[in-house]
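Below: one structure, written as structure tokens.
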């Protein structure tokens, strides 16, 4: 594979983490079930190995309760570790993944299933094809609707302004 992923469950297996970092392949590192010190150690290992990585903010409950998601950690991790930070969602809706993208998550990871009622630990935290399609479509719109931080009256607004501001000649 061209990339690797260290799952939340394996992040404290420092022997594995070191071996993965020595392979020098871009690595996604999931941060669920972690204390800040755990993340510090893994980031240090990857930096010392000069291996590019991306932290994935995650809450490892299935499904994750939206009140527990703390998406503000995306920006916190970016500032603390000076790296890309994505989001690995385990909630039952797609809105937190969309919010994470708006907050600047560099990637979005979601579990996908054929049927959310199937047996299994993470089925209810997964998205079906319809949900995945909706998520992709909305995330693609984010840069379009955000635009740029510059205010200019649109050409299309000018005739409307002229009509609505009848007192201006």
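Residue numbers (this note's numbering): 170 to 338.
Heads up, the beta-carbon is just placed ideally off N, CA and C, and yes, glycines get one too.
Here the structure is a predicted model, which means the values were calculated and not measured.
Span separating the alpha-carbon of residue i from that of residue j
i, j, result
"residue 230", "residue 220", "29 Å"
"residue 327", "residue 299", "39 Å"
"residue 325", "residue 333", "13 Å"
"residue 306", "residue 284", "21 Å"
"residue 266", "residue 280", "12 Å"
"residue 180", "residue 293", "24 Å"
"residue 218", "residue 323", "50 Å"
"residue 202", "residue 226", "10 Å"
"residue 190", "residue 211", "9 Å"
"residue 250", "residue 216", "10 Å"
"residue 187", "residue 175", "11 Å"
"residue 173", "residue 276", "14 Å"
"residue 199", "residue 257", "7 Å"
"residue 331", "residue 320", "18 Å"
Boundaries of the alpha helix (DSSP H) in which residue i is found, first to last residue
i, result
"residue 195", "Residue 195 -> not in any alpha helix (DSSP H); beta strand (DSSP E) instead, spanning 195 to 199."
"residue 328", "327 to 333"
Beta-carbon gap between residue i and residue j smaller than 9 Å
i, j, result
"residue 260", "residue 278", "no"
"residue 343", "residue 270", "Any answer about residue 343 is impossible in this case: the structure gives the chain only from 170 up to 338."
"residue 223", "residue 255", "yes"
Cβ-heavy atom distance, residue i to the ligand MG, below 8 Å
i, result
"residue 325", "Inclusion of the ligand MG in the displayed structure is not the case, the ligand content being empty and no account of it being possible."
Could you name each continuous beta strand (DSSP E) segment of 3 residues or more that falls completely within the region 174 to 260, going from the start of the chain to the end? 195 to 199, 222 to 227 and 253 to 258
Those runs of the alpha helix (DSSP H) which lie wholly inside the region 271 to 307 and span at least 4 residues: none
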